[in-house]
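By full-length UniProt numbering, the letter at position 111 of the sequence shown is numbered 111, and the numbering carries on one by one without gaps.
Heads up, the beta-carbon is just placed ideally off N, CA and C, and yes, glycines get one too.
Quick caveat, the model's predicted, so the values are computed rather than measured.
One structure is given below, encoded as structure tokens.
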Amino acid sequence: MIRLTGITKVYRMGDEEVHALAGVDLHIAANEYVALIGPSGSGKSTLMNLIGCLDSPTAGSYVLNGRDTSHMNDTELAHVRNQEIGFVFQSFHLLPRLTVLDNVAQPLVYRGIPRAERQARATRALEQVGLGNRLGHRPNQLSGGQRQRVAVARALVGKPSILLADEPTGNLDSRTSAEIMALFDELHASGQTVVVVTHEPDIAAHCRRTIRIGDGRVVDDHANPPREVHA
Ligand SMILES: Nc1ncnc2c1ncn2[C@@H]1O[C@H](COP(=O)(O)OP(=O)(O)OP(=O)(O)O)[C@@H](O)[C@H]1O
Ligand SMILES: [Mg+2]
Numbered sequence: 001m002i003r004l005t006g007i008t009k010v011y012r013m014g015d016e017e018v019h020a021l022a023g024v025d026l027h028i029a030a031n032e033y034v035a036l037i038g039p040s041g042s043g044k045s046t047l048m049n050l051i052g053c054l055d056s057p058t059a060g061s062y063v064l065n066g067r068d069t070s071h072m073n074d075t076e077l078a079h080v081r082n083q084e085i086g087f088v089f090q091s092f093h094l095l096p097r098l099t100v101l102d103n104v105a106q107p108l109v110y111r112g113i114p115r116a117e118r119q120a121r122a123t124r125a126l127e128q129v130g131l132g133n134r135l136g137h138r139p140n141q142l143s144g145g146q147r148q149r150v151a152v153a154r155a156l157v158g159k160p161s162i163l164l165a166d167e168p169t170g171n172l173d174s175r176t177s178a179e180i181m182a183l184f185d186e187l188h189a190s191g192q193t194v195v196v197v198t199h200e201p202d203i204a205a206h207c208r209r210t211i212r213i214g215d216g217r218v219v220d221d222h223a224n225p226p227r228e229v230h231a
């Protein structure tokens, strides 16, 4: 599903070059549940942005569901992103003036789906994350954990092939973090491909595979031991 070959990313700052990714080869199959870990500045978000088609590599190839995206222009990338990728960010990125329902329905506007169907699909996505009773609320009328659930519903509403989350629990307390990860566990169990960037070992332990990034390279890649489930 995701195949990165020889991926580099160089940021130019005046006459300085930052080699954010220095040759990444990676394959992630459908229905994997992957944690991307590594120290601050190692290139995790850069890699996430490339996988999510928010940015293009300096060199190397990225094939997503059989399509080589490395030479796509911004319009083509935006199209692939809208079809294939659902994003969740640390800071939720919800639109404050819109209701929960309209926030979740938003990605479908760009697909030209009629309003009634957008609302029906957004309602279903919100029910899936346990927020079917908050459709008319605004983001500031919700708890942090509820806001992140709205963001997850918005990421899922377009039925993306990949759910990408960059530090999704970074703004949440430990109990709420565990609830969000339990939701990701459920989504994975129902067939969703999930990739999570995290600093926290507890969060990475939910995933089935851990890829460690260091200095812009993959420095370790292993299957996680099975999780003990505490009732
Ligand atoms: N837009 C940019 N312009 C220039 N340099 C950048 C840019 N984005 C990232 N970098 C640099 O690339 C390197 C990798 O950054 P990245 O954000 O991918 O790290 P990260 O692993 O996500 O770190 P953190 O855990 O702190 O979020 C860093 O040295 C950073 O300073
Ligand atoms: Mg980052």
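On a CA-only basis, which of the options is nearest residue i? Give me that one, please.
| i | options | result |
| --- | --- | --- |
| Gly66 | Asp221, Pro96, Ile28, Tyr110 | Ile28 |
| Lys9 | Phe89, Glu32, Ala155, Leu54 | Leu54 |
| His188 | Ser174, Asp173, Cys207 | Cys207 |
| Pro107 | His93, Ala155, Gln192 | Ala155 |
| Arg3 | Leu47, Glu17, Ser40, Arg12 | Leu47 |
| Glu186 | Gln119, Leu101, Tyr33 | Tyr33 |
| Glu148 | Thr210, Leu77, Asp173 | Before going further, note that residue 148 is Gln rather than Glu in the sequence given. Ranking Thr210, Leu77, Asp173 by Cα distance to Gln148 puts Asp173 first. |
| Ile211 | His222, Asp202, Pro201 | His222 |
| Gly145 | Asp68, Ser190, Tyr110, Phe89 | Phe89 |
| Ile37 | Asp215, Thr198, Asn140, Pro226 | Thr198 |
| Ser70 | Gln141, Thr58, Leu142 | Thr58 |
| Tyr110 | Thr176, Val80, His19 | Val80 |
With which residues is residue i paired in a DSSP beta bridge?
| i | result |
| --- | --- |
| Asp68 | Val63 |
| Glu17 | Arg12 |
| Ile37 | Arg212 |
| Leu77 | Leu77 pairs with nothing; no bridge assigned. |
| Ile28 | Ile2 |
| Glu164 | Note on identity: in this sequence residue 164 is Leu, with Glu being the wrong assignment. Per DSSP, Phe87, Val195. |
| Asp221 | Ile211 |
| Ala22 | Thr8 |
I believe residue i touches residue j by the beta-carbon criterion, under 8 angstroms. Please report the beta-carbon distance rounded to the nearest angstrom.
| i | j | result |
| --- | --- | --- |
| Leu26 | Val218 | 6 angstroms |
| Ala204 | Ala35 | 4 angstroms |
| Phe87 | Leu135 | With 8 angstroms as the limit, Phe87 and Leu135 do not qualify as a contact, their Cβ atoms being about 22 angstroms apart. |
| Leu21 | Gly43 | 5 angstroms |
| Ser161 | Met13 | Not confirmed; about 34 angstroms, so no contact. |
| Pro168 | Val196 | 6 angstroms |
- Let me have the residue list for ligand 1: C-beta closer than 5 angstroms to any non-hydrogen atom, ordered along the chain. Neighbourhood of ligand 1, defined by CB distance below 5 angstroms to any of its heavy atoms: Tyr11, Val18, Ala20, Ser40, Gly41, Ser42, Gly43, Lys44, Ser45, Thr46, in chain order.
- Item | Cβ contact (3+ pairs, closer than 8 angstroms) linking the region 56-64 and the region 125-135 | Taking 8 angstroms as the limit for Cβ pairs, the verdict is that the region 125-135 does not touch the region 56-64.
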